[in-house]
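Undergrad:
Residue numbers (UniProt numbering): 1 to 352.
#1: Given this structure, state the Cα-to-Cα distance separating residue 112 from residue 330, to the nearest angstrom.
#2: Can you tell me which of 69, 86, 38, 49 puts its alpha carbon nearest to the alpha carbon of residue 76?
#3: Tell me whether residue 1 sits in a helix, a strand or coil according to DSSP, three-state version.
#4: Under a three-way DSSP split, which group does residue 244 fall into?
#5: Buried or exposed: which applies to residue 294, given that a residue is buried once 16 or more other Cβ atoms fall within 10 Å of its Cβ?
#6: Within the continuous beta strand (DSSP E) that includes residue 161, where are the two ends?
#7: Just tell me which of 63, 337, 58 has its CA closest to the CA of residue 350.
#8: Contact between the stretch 244 to 259 and the stretch 275 to 288: three or more CB pairs below 8 Å?
#9: Express the C-alpha separation of residue 137 and residue 244 in angstroms, rounding to a whole number.
#10: With burial defined as no fewer than 16 other Cβ atoms inside 10 Å of the residue's Cβ, what is the status of residue 347: buried or exposed?
#11: Can you name the residues that DSSP bridges to residue 57?
#12: Just how far apart, CA to CA, sit residue 133 and residue 155?
#13: Between which residues of its own chain and residue 344 is the CB-CB distance below 7 Å, once the five residues before and five after are set aside?
#14: To the nearest angstrom, how far is the alpha carbon of residue 1 from that of residue 231?
#15: Under 9 Å between the Cβ atoms of residue 116 and residue 142?
#16: Any idea which residues DSSP pairs residue 99 with across the strands?
#17: On a CA-only basis, which of 185, 186, 208, 202 is nearest residue 195? Give me that one, please.
#18: So residue 158 and residue 13 are in contact, right, with Cβ under 8 Å, and what is the actual spacing, rounded?
#19: What is the rounded straight-line gap between the Cα of residue 323 and the Cα of residue 56?
#20: When the Cα atoms are used, what is the spatial distance from residue 226 to residue 79?
#21: For residue 63, which residues in the same chain have their Cβ closer than 6 Å to its Cβ, ignoring the five residues on either side in sequence?
#22: Check each candidate in 140, 145, 123, 169 and name the one with the smallest Cα separation from residue 152.
#23: If you follow the beta strand (DSSP E) that residue 235 is in, where does it begin and where does it stop?
#24: Is the beta carbon of residue 191 less than 9 Å from the beta carbon of residue 174?
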């Protein structure tokens with residue numbers, strides 16, 4: 001995967017893409033000032049960057065920072081949109097809207113009596129979204145419902161789509177695997193708290209981190225727990241997993257980027273006498289960890305953006321920004337990182 005077309009990059013919520021060479025501190029290519037805080041994670045498809053703002057607008061820019069269109073709403077846009085082909089899908093409180101990605105015009109709407117609670121997850125023409133009514137599979141082209149499933153509590157975080165199941169966390173502290181074609185429950189598993197960010201799906205595991213400080217690695221076919229990793233603070237993001245290097249990254253309210261292996265959940269950073277939980281940040285994390293090749297990026301509420309070498313498991317650079325990053329940035333394999341901050345500035349960072 002080379003694009004970043006939805007929350008955490010793809011339909012499995014993996015938050016990683018292939019890439020090399022991003023080991024030095026990036027430089028600013030351009031900035032665009034908007035009129036509201038950019039609490040909506042930006043996404044990138046082909047040569048277009050999409051981002052929503054607290055002023056109720058959804059913007060499309062080309063990669064040189066020129067505005068292509070703006071879709072005006074009366075609702076602050078803080079949930080990441082998703083794009084596939086010529087259709088952009090965005091959640092606006094009680095409406096799910098399908099927008100022509102080239103022109104910025106609404107093509108369809110799905111209103112509900114309650115509220116939508118998750119970002120849309122897309123895989124081709126299949127969309128999946130959670131709401132106070134449950135989780136719904138729909139066609140991205142026209143918004144038509146394929147199936148819907150009431151899970152007894154609103155979904156939280158982004159759903160993940162696998163080859164035969166979809167994985168959804170709910171506010172009543174459960175994780176559910178549903179049949180992809182019908183929405184029927186395959187299994188449900190309890191968590192110790194409310195899941196943050198949604199499940200992360202790899203070839204062999206489904207990972208969830210919750211606000212009680214428990215991370216679980218689950219068998220995606222049965223829901224069996226393979227291991228757990230527990231801390232004394234709420235987790236602040238979904239896990240980001242690199243199976244090939246046996247590394248898992250997850251942020252927490254203890255101002256730490258936690259780093260474990262993916263086999264037993266053991267800490268990977270070594271100290272003189274004891275292992276270390278991970279890398280300490282200067283403040284509370286404000287983004288999920290995102291990975292490009294063997295490099296990871298994370299930000300905190302002091303305005304700092306950090307680069308992490310995943311081979312040496314240490315910081316490689318720190319970039320202080322004028323305002324804290326408000327949502328998880330969107331990286332591209334060719335050396336771009338699109339960042340939205342609390343002051344309403346969208347920045348393109350780049351590497352030589």
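Beta carbons: idealized from backbone N, C-alpha and C, even for Gly.
These figures come from a predicted structure and were not determined experimentally.
TA: In brief:
#1: As a first step, residue 112 must be located in the chain shown, where it is residue number 112. As a first step, residue 330 must be located in the chain shown, where it is residue number 330. The alpha-carbon atoms of residue 112 and residue 330 are separated by roughly 30 Å.
#2: Here the question's residue 76 lines up with position 76 in the chain shown. For residue 76, the closest C-alpha among the options 69, 86, 38, 49 is that of 38.
#3: Here residue 1 refers to the residue found at position 1 when the chain shown is read from its first residue. Annotation note: pLDDT 48 at residue 1 (below 50); position unreliable, no value reported.
#4: Translated into the one-based positions of the chain shown, residue 244 becomes position 244. Helix at residue 244.
#5: Position 294 of the chain shown holds residue 294. By the 10 Å Cβ count, residue 294 comes out buried.
#6: Taking the chain shown and counting its residues from 1, one reaches residue 161 at position 161. Start and end: 155 to 161.
#7: The residue labelled residue 350 in the question sits at position 350 within the chain shown. It is 337 whose Cα lies nearest to the Cα of residue 350.
#8: Counting C-beta pairs closer than 8 Å gives three or more between the stretch 244 to 259 and the stretch 275 to 288, which meets the contact rule.
#9: The residue given as residue 244 occupies position 244 in the chain shown. The residue given as residue 137 occupies position 137 in the chain shown. Cα to Cα, residue 244 sits roughly 31 Å from residue 137.
#10: Indexing the chain shown from 1 puts residue 347 at position 347. Its Cβ being crowded by 16 or more others within 10 Å, residue 347 is buried.
#11: Position 57 of the chain shown, counting from 1, holds the residue named residue 57. In the DSSP assignment, the residues bridged to residue 57 are 72.
#12: Counting from 1 along the chain shown, the entry for residue 133 is found at position 133. Counting from 1 along the chain shown, the entry for residue 155 is found at position 155. Answer to the nearest angstrom: the Cα atoms are 9 Å apart.
#13: Counting from 1 along the chain shown, the entry for residue 344 is found at position 344. Excluding residues within five positions, the ones whose Cβ falls inside 7 Å are 33, 34, 35, 36, 37, 38, 53.
#14: The sequence position of residue 1 within the chain shown is 1, counting from 1. The sequence position of residue 231 within the chain shown is 231, counting from 1. Residue placement at residue 1 cannot be trusted, given a pLDDT of 48 that sits under 50; the coordinates are not used to answer.
#15: By one-based count along the chain shown, residue 116 stands at place 116. By one-based count along the chain shown, residue 142 stands at place 142. For the 9 Å CB-CB criterion, residue 116 and residue 142 do not form a contact.
#16: Your numbering for residue 99 matches position 99 in the chain shown. BP columns for residue 99 point to 88, 106.
#17: Here the question's residue 195 lines up with position 195 in the chain shown. The shortest C-alpha separation from residue 195 is found at 208.
#18: Position 158 of the chain shown holds residue 158. Position 13 of the chain shown holds residue 13. So it is a contact: roughly 6 Å between Cβ atoms.
#19: The sequence position of residue 323 within the chain shown is 323, counting from 1. The sequence position of residue 56 within the chain shown is 56, counting from 1. Going from the Cα of residue 323 to the Cα of residue 56 covers about 20 Å.
#20: In the chain shown, counting from the first residue as 1, residue 226 sits at position 226. In the chain shown, counting from the first residue as 1, residue 79 sits at position 79. If you take the alpha carbons of residue 226 and residue 79, they lie about 31 Å apart.
#21: Taking the chain shown and counting its residues from 1, the one referred to as residue 63 is at position 63. Cβ within range, chain order: 47.
#22: Counted from its first residue, the chain shown places residue 152 at position 152. Looking at the Cα atoms, 169 is the closest of the given residues.
#23: Locating residue 235 in the chain shown gives position 235, counting from the first residue. In the DSSP assignment, residue 235 falls outside any beta strand (DSSP E) and carries neither an H nor an E.
#24: Here residue 191 corresponds to residue number 191 of the chain shown, with the count starting at 1. Here residue 174 corresponds to residue number 174 of the chain shown, with the count starting at 1. Contact flag set, yes.
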